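Taking the working numbering, the leading residue of the sequence shown gets 70, the next gets one more, and so forth. Positions of the beta carbon are idealized from the N, C-alpha and C atoms, including for glycine. Given the structure is predicted, the values throughout are model-derived calculations rather than measurements.
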Amino acid sequence: METGNVILAVFAILSALFRGYIKPRIDELGFFRKAVNLNNDRCYRVEALEACEDLYVNREFGLAYFACSNRLQRAYWEPPLGLLRRDKLPFPSQDYIAILDLNTLEHHKLDLVNLPPHLIKNGLHTHGIDLYVHPSDGFEDDHGQIRLSGDSSDGSGSVRKATIYAINHNPPDDLNSTSSVGAQSVVEVFDTVLGDTQATHRRTIESEFILTPNNIVGMSESSFYVTNDHQKKVHWLDSIAYCSFAAEVDCKVAWHGKRPFPNGLAKGPDNYLYMATTVNSWLQVFEIQPNHTLFLKEELKLPRMTDNIHVTPSGSIFLTNIPTITKFIKKVKNYPTDSSLGSPVEIWKVSNVTGENALIGGKMQVEKIFGDDSNEVSGSTGVAIWNSKLILTGLASSYVSICELDSELLN
70 METGNVILAV FAILSALFRG YIKPRIDELG FFRKAVNLNN DRCYRVEALE ACEDLYVNRE
130 FGLAYFACSN RLQRAYWEPP LGLLRRDKLP FPSQDYIAIL DLNTLEHHKL DLVNLPPHLI
190 KNGLHTHGID LYVHPSDGFE DDHGQIRLSG DSSDGSGSVR KATIYAINHN PPDDLNSTSS
250 VGAQSVVEVF DTVLGDTQAT HRRTIESEFI LTPNNIVGMS ESSFYVTNDH QKKVHWLDSI
310 AYCSFAAEVD CKVAWHGKRP FPNGLAKGPD NYLYMATTVN SWLQVFEIQP NHTLFLKEEL
370 KLPRMTDNIH VTPSGSIFLT NIPTITKFIK KVKNYPTDSS LGSPVEIWKV SNVTGENALI
430 GGKMQVEKIF GDDSNEVSGS TGVAIWNSKL ILTGLASSYV SICELDSELL N
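This is the structure we're talking about:
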């Protein structure tokens, strides 16, 4: 082959490689993306709810629960981002679970009681959170339920019990081993009543299958699914684990796939579980099997890096997207030296239809419904829907944002 033909062939191969692999990755990571504002003109902030990575919203009673910290601690200790500066952490941790009445915007920290020794010593290092609300056969509350405007009774004077599942990225005892072993992550289980001031620690779930937990979905008062975003404490993985603990702790791998960095996890209508991967982002739809393993029904390539997700009762999926990953990481890591950095935010919606017209196996509609260049909303990692409002939390944000949108966008 002549030299000129060889050069042309090499150029064609490199060009195809760039178009087929490198450019899509550059586009997804957003290195050159300009942030565009969309539907962000009716936003307001709830201050003092800082660095809340994830949230749960009870739509019926208008109560939101948050997994919060402070931005300085997040800058030093955030295992999913490889931030493992245990030597910089306060002991015990300043992290907490907060509850917000969305009707009045009153909020407070939950009083966590009956704590085991490791939580008394180290405190809670929050990340993903979920609540399982028990069926409405409640009991009479006798320990100081707050009289919130979103009354959490079932209409008969009894109240709603709930189980709180909170991921705890507990640091290792040995200061020198942190970079090699990472966090000693577990799931903490608390019992509470919706709207109460207090949550009682019931159990710590520790397992070889809860390796690097990121997000969690409570399935009952004694079972949950959890994503593992790394293979080792300091490397990558791609699995979802299922744990039950009505008696002994029994955990297993429910799904092991090929998509890196499993992240956001949410239960949808019927028997479906939804999961978003962050690196080379995909939305995956799983059918829960009788043995609690997961069967992949469908997957959809996503246009942005995706963090946590929210699924409505109608089956619409809302994605917290990171338009420019470099700005997000800088906002988290550089907080000790520059607290003014911004990270744009986008929320995308995947329209789904349940029942006979289900889009499982068909085409889903993907659309951006919210965007902010970081001047109004910045550093968001979690989203939920309540009364035609986006509730936005941020691991790298100093506040919780609430944005009103047209109701048809949030159906």
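Under the three-pair Cβ rule at 8 Å, the segment 176-183 does not count as touching the segment 145-152. Here the segment 258-274 makes contact with the segment 226-237; the two share three or more CB pairs at distances below 8 Å. With fewer than 16 other beta carbons inside 10 angstroms of its own, A117 counts as exposed.
Beta-bridge annotation (DSSP): Y145 is not paired with any residue. For Q434, the beta-bridge partners assigned by DSSP are S420.
Beta-bridge pairing by DSSP links H177 to I168.
Bounds of the beta strand (DSSP E) holding N377 are M374 to V380. Judged by DSSP in its simplified three-state form, S246 adopts helix. Around E473, the same chain offers R111, S457 and K458 as residues with beta carbons nearer than 7 Å, after the five sequence neighbours per side are excluded. In terms of Cα proximity to L171, the closest of N139, V255, R128 and H203 is R128. In the three-state scheme derived from DSSP, where H, G and I count as helix and E and B as strand, E477 is classed as helix. The residues E119 and R140, in chain order, have a CB closer than 7 Å to that of S467 in the same chain once the five nearest residues on each side in sequence are set aside. The beta carbon of K157 is closer than 7 Å to those of Y145 in its chain, skipping five residues each way along the sequence.
Rounded to the nearest angstrom, the gap between the Cα atoms of L388 and N106 is 17 Å. Close CB contacts of G411 within its chain, under the 6 Å cut and outside five residues either way in sequence, are with S443 and S447 (chain order).
For I189, the enclosing alpha helix (DSSP H) has its first and last residue at P186 to N191. Residue burial is scored here from C-beta neighbours: E175 has fewer than 16 other C-beta atoms within 10 angstroms and is therefore classed as exposed.
Here DSSP, grouped into helix, strand and coil, assigns F330 to coil. For K103, there is no enclosing beta strand (DSSP E), as DSSP marks it with neither H nor E. The three-state reading of DSSP puts F278 in coil, since its state is none of H, G, I, E or B. A direct Cα-to-Cα measurement between K437 and E415 gives close to 7 Å. Taking C-alpha positions only, T346 is separated from K321 by approximately 20 Å.
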